[in-house]
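With the working numbering, letter number 385 in the sequence shown gets 394, and the count goes up by one each step, no holes.
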Amino acid sequence: MNKYVSTRNSGVSVSASRAVLLGQAEDGGLFVPADLASFKRDYHEIISQDFKGMAACIWNMFFDDYGSDVIDDLVEKSYNGKFSSELITPLAKVGDSYVLELYHGPTSAFKDVALQALPNLLTCARSMNGETDEIMILTATSGDTGSAALAGFSDVPGTSIVVFYPDGGISETQRLQMVTNSGSNTAACAIRGNFDDAQAGVKKIFREIPKPSEGVSLSSANSINIGRLVPQIVYYFSAYRQLLDMGSIKDGDAVDFVVPTGNFGDIMAGYFARAIGLPVRRLVCASNKNDVLTDFINTGHYNRKRDFYKTSSPSMDILVSSNLERLLYYICGEEHTVSYMKQLEQSGEYTITKDELAEIQSVFTGFCASDDEGAAAIKDTFEQESYLMDTHTSIAWACLDKYVKDEVPKVVLSTASPYKFCASVLSALGLEVSESDRKNMEVCHEYTGAAIPAGLSGIFDKTVYHKDIIDPSEMKEYVTGKSHR
């Protein structure tokens, strides 16, 4: 049976279901498979099936203590009738490259692929481990995780959820998706700060009060939870299968993936896909003006002591990329990882060795793009290819333009519907922008013909239930209060 260890203490191991249930290790580390090499497979076993079949195969590999019959049932519950595309994550050819559309779920963001799954994995893990506590999901969001997590966990028995988001740091549509959630077990709270403040506060709460009250235990819906990360592996395999079906590659050909990422979770799923055996040549890490990951991949020096920018791709406005710790564990080893994380906490920076950097650079390439470059990508792809993309996908597209030009197929991961960031999309297209997101959606639809997702079209008429705004220093007290309701 697979064992999961903390990136900061491999001497303590837990089962897969326990790792999902806990979300984060008690020492602050992240759970990873103790023996990733044992997951190596013939990728044909996976891509021979449809999306749900691929999901079942991969979940069975990583969550082996659940049992195959249970996994089959959980996959069905997670994906049956939940996505507007039968393919779940369809692939589109755009120019000479490809876009993997990950936003056809209930909240129009890639997080839905995992956050429709995590509640099912978590509640099952709760039963398997004999837990009677209510599980309080505690999550920080830079935009999309919050709405997807609230949608996934809304009114799920035995759970509650508290989401913290940066006040003024997300789009109005993203905010409305969260604050209008009507679940009886949900709470969305703004903090006066940025995403890093929210994420640091959540991690501190996990360390200090893992049981905020009697009968309540904490877990996470962020990608620090291995149960959030593993379902994201599936769409890399799905993309490869679709490339084969299109006749765009021959079986065995390598593929590059260009991933817009701030917290390093989506691209870490690609690393796992590659480790399993998918023919991935390189993973291109695409950053916006908050280019801490670009600098790290190019120099080996991670430095969060830099200006923080609010950009038109807010879900990537992050300076502390939590999931990078998982990569460090596999590349640098436990001892160095513990040292680097301690340095990051104490001084805000660390530098890996030359050999470690060389190993990372053998797989990863890092580029960054500005708001202006992203806007140009939106305008150009629409005018030249009649394809509309959001502000995060456009950052990846702009980074793709800086990447090597060769015959290896390149797949850009599209993480959100353009309607979630309508004002920025309209501005990029050279159209007049209204203060109303509702009006912006109407104008965008009229100009581009792109359909407004069903989950967004009626959001402006919904009741706002969550109005709290607090300082980061008040987060712990807020969680404790919610746990007593």
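Note that CB positions come from ideal geometry on N, CA and C, so glycine has one too.
Report yes if the CB atom of residue i is closer than 8 Å to the CB atom of residue j, and no otherwise.
i	j	result
S229	Q33	yes
S15	D36	yes
N307	I327	no
Y107	V421	yes
T168	P219	no
V292	V268	For the sequence presented, residue 292 should be read as Leu rather than Val. Going by C-beta atoms, L292 is nearer than 8 Å to V268.
L109	A248	yes
A118	D153	yes
I404	L438	no
A199	D164	no
P140	L30	The sequence shown places Glu at residue 140, rather than the Pro named in the question. In this structure, L30 lies closer than 8 Å to E140 by Cβ.
C133	V84	no
L39	E334	yes
K351	G178	no
A378	P427	no
E394	G104	yes
Any idea what DSSP makes of residue i, helix, strand or coil?
i	result
M10	coil
S169	strand
L328	coil
K86	helix
K388	helix
T182	helix
I235	helix
R50	coil
H454	helix
F162	helix
D477	coil
D254	helix
F317	coil
G467	coil
P323	helix
D265	strand
G32	coil
L23	Correcting the residue identity first, residue 23 is Val in this sequence and not Leu. Three-state DSSP puts V23 in a strand.
A460	coil
A498	What the structure shows of the chain is the stretch from 10 to 494, and residue 498 is not part of that stretch, so it cannot be assessed.
List the residues that DSSP assigns as beta-bridge partners of residue i.
i	result
E143	V225
P175	I200
E110	S423
P42	Y13
G192	According to DSSP, which records beta bridges pairwise, G192 is partnered with nothing at all.
T148	V172
H310	T360
K102	Y107
C294	V268 and G375
N18	S15
Measure from the alpha carbon of residue i to the alpha carbon of each residue in the options, then state which is nearest.
i	options	result
E54	N449, E85 and D260	D260
N18	Y338, C133 and P418	Y338
K120	L83, K91, N138 and E143	K91
A295	D206, V417 and E382	E382
H310	I361, M325 and S330	I361
V478	R201, V79, F373 and A46	The residue you asked about is not Val; residue 478 is Ile in the sequence shown. Residue R201 is the option with its Cα nearest to I478.
N190	Y412, L159 and G177	L159
F1	M255, Y359, N272 and L287	It is not possible to answer for residue 1, since the shown part of the chain is limited to 10 through 494.
A126	V239, L435 and E354	V239
M145	S151, K414, L131 and M137	L131
T402	S324, A207, R313 and T374	S324
S47	R315, I56, N11 and G62	N11
V41	A407, S379, E343 and E85	E343
V452	P462, L435 and G467	L435
K49	I369, A282, E444 and S371	A282
D304	E358, Y280 and E354	E358
D206	F317, C66 and F72	F317
D262	R290, I468, M255 and H454	R290
F430	P418, K414, N449 and E441	N449
I170	Q208, Q186, A384 and S193	S193
M398	K102, V473, S492 and Q186	K102
A432	D81, T424, S423 and V442	V442
Please look up how many angstroms separate the CB atoms of residue i and residue j, rounded, as I've assumed it's under 8 Å.
i	j	result
Q251	A278	That pair is no contact at about 17 Å.
V211	F246	At roughly 31 Å, the Cβ-Cβ gap does not stay under 8 Å, so V211 and F246 are not in contact.
V123	R27	Rather than Val, the amino acid found at residue 123 in this sequence is Ala. The Cβ separation is near 19 Å, so there is no contact.
T182	L465	6 Å
S322	T400	5 Å
P221	V488	5 Å
N297	S232	N297 to S232, Cβ: 18 Å. No contact.
I235	Y13	7 Å
A25	D74	5 Å
F373	Y412	At roughly 12 Å, the Cβ-Cβ gap does not stay under 8 Å, so F373 and Y412 are not in contact.
T98	Y244	4 Å
L185	I468	5 Å
Would residue i count as contacting chain C if we go by Cβ distances under 8 Å?
i	result
H401	As a matter of chain content, chain C is missing from the structure shown, which is built from one protein chain.
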